[in-house]
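With our numbering as the guide, the letters of the first sequence map in order to residues 8 to 124.
Just so you know, even glycine gets a beta-carbon here, dropped at the ideal spot from N, CA and C.
All of these numbers come straight from a predicted model, not from anything done at the bench.
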Amino acid sequence: MSDFVTLKSNSDFRRLYNRGKAVTDPALVVYYSKNRAGICRIGITTSKKIGNAVERNRSRRVIREAFRKVCPQLNPCYDIVLVARSKTKYLKSTYIEEVLKKIFENEGMLKSESDGE
RNA sequence: UCGGUAAAAUGGGCAAUCGCGGAUGCGAUUUAUCGUAGACGAGGAAAGUCCGGGCAUCUCACGGCAGGGUAACUGCUAACGGCAGCCGAGGGUAACCUUAGGGAAAGUGCAACAGAGAUAUACCGCCGAACUUAUUCGGUAAGGGUGGAAAGGCGAGGUAAGAGCUCACCGGCAUAGUGGAGACAUUAUGGCCAUGUAAACCCUACCCGAUGCAACACCGACUGGGGUGCGCCGUGCAGCGAAUUUUAUUCGCAACCCCGAAGGGUGGCUAGAGCCAUUUGGCAACAAAUGGCGUAGAUAGAUGAUUGCCUUAAACGACAGAACCCGGCUUACAGUUUUACCGAUAAG
RNA sequence: CUGGGUGUGGCGCAGUUGGUAGCGCGCUUGACUGGGGGUCAAGAGGCCGGAAGUUCAAGUCUUCUCACUCAGA
Numbered sequence: 008m009s010d011f012v013t014l015k016s017n018s019d020f021r022r023l024y025n026r027g028k029a030v031t032d033p034a035l036v037v038y039y040s041k042n043r044a045g046i047c048r049i050g051i052t053t054s055k056k057i058g059n060a061v062e063r064n065r066s067r068r069v070i071r072e073a074f075r076k077v078c079p080q081l082n083p084c085y086d087i088v089l090v091a092r093s094k095t096k097y098l099k100s101t102y103i104e105e106v107l108k109k110i111f112e113n114e115g116m117l118k119s120e121s122d123g124e
């Protein structure tokens, strides 16, 4: 069912910010790097810049929902950190889903590509 | 009819699919896990953290000091700085509205500039005396000007001129009586009363021990050093053993605390001073009785996505996310409804 | 979550016991210089984060509120 695990420790986030690849979009920022766990691990960051608690929660939920939809198509060997930006709270999950798909396609992280469609 | 201001209420409902947290039930066994079903699952302010309480700990208990808070009175309450009623003061023609509202003859401080003078004073003026018209001495706060504030106000008597010096009225103070639960109101008598500031220090009365669920308890891991009767003082009582004859002190152990190391799990964790309706008591806040209702409890932190139907003018809409729990206060708030007021237009 | 601190000219800061707010840098104008820099002289720029209150008078005192920031864990 759940193909991904959440990143929790501060050191994991630090590692991705320093060594991972970064892709920016007006909607959000994606940091990622390969891991050997054979499973997707994901962390979502919503800083205080975005707004109050309601707006931060909203951003986090929308991003998680979008990622959940995209997740099955993803190669299960990545650590990913998704950072919300100030625009994120006004967007819908369907839009973010498209953005995420586009980013992962460009970076060659999708499963369909490795299978050779 | 339209627009605005203030206050109060409300802050859509039902259902489906995928996804999340999950009390609990069932099955399996390695008795603590796995699988499966799964009720239920953010607010009126959950916010700010401004007050009050529960609960927990501080090797015991009591009293005081320091420190902090509140300030008319009566009641409500677990308690409050909250609420209700009432009194005083201020504003208003009135209905009514506002109000941190003890003490300034217990003491200290401050009152810039202006002004003669700021808590004690004589600049101009008025009056008297000396007497050379000038000037000096004395009396005087009625008049002048300054100031936020100038010695209770105003009128009459009185006087050399004046002055509560005397008197009437008013204001304020003290004592006594009456009414009231009380703040206080009112009447009589007395004396003739020294500005403001206590949200300056302070005094008076009353209240408060401190720290907070990251409290605290248990399990697991880790094991070195330092200290100790609640911020201070006093009194009682100070766990066990040893040393010095006793007093008392010192040492060791126990207990607890702090620093270093370790920083994981379980409990605490949600039924509570609970909510609603009716009746009774009360002006009211509120209380009592009877009946009914009712599972958020996460721990990097659960409520999202898609869609249908109904109510509706519209419902995608505002402010906003529980983190131990309650009672208040304060602040934020789209749309709708109600009440009060204001403005414009139209009609009478 | 708990407990502190700070908001004052464009920037960085003073302003103790309430009495009409200053300093340095920067800015404008003028002088000295052939010009720049530098120095000297003069000047502008503030309702002290916001709203109430106490007081004769509030940057200062009290209450509420809005930002920013630090510490504990």
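Cβ contact annotation for K96 (same chain, cutoff 7 Å, sequence separation greater than five): I57, G58, E62, R65 and S66, in chain order. The alpha-carbon of G50 is positioned some 11 Å away from that of R21. Exposure of I46 is indicated by the presence of fewer than 16 other C-beta atoms within 10 angstroms of its C-beta.
Annotation for S54: no alpha helix (DSSP H) segment contains it, and DSSP assigns it neither H nor E. Between the alpha carbons of V12 and K94 lies a gap of roughly 26 Å. V88 places its beta carbon 8 Å or farther from that of L35. Secondary structure of S93 (DSSP, three-state): coil. Around the beta carbon of Y24, a 10 Å sphere encloses fewer than 16 other beta carbons of the protein chains shown; the residue is thus reported as exposed. C84 carries a coil assignment under DSSP once its states are collapsed to helix, strand and coil.
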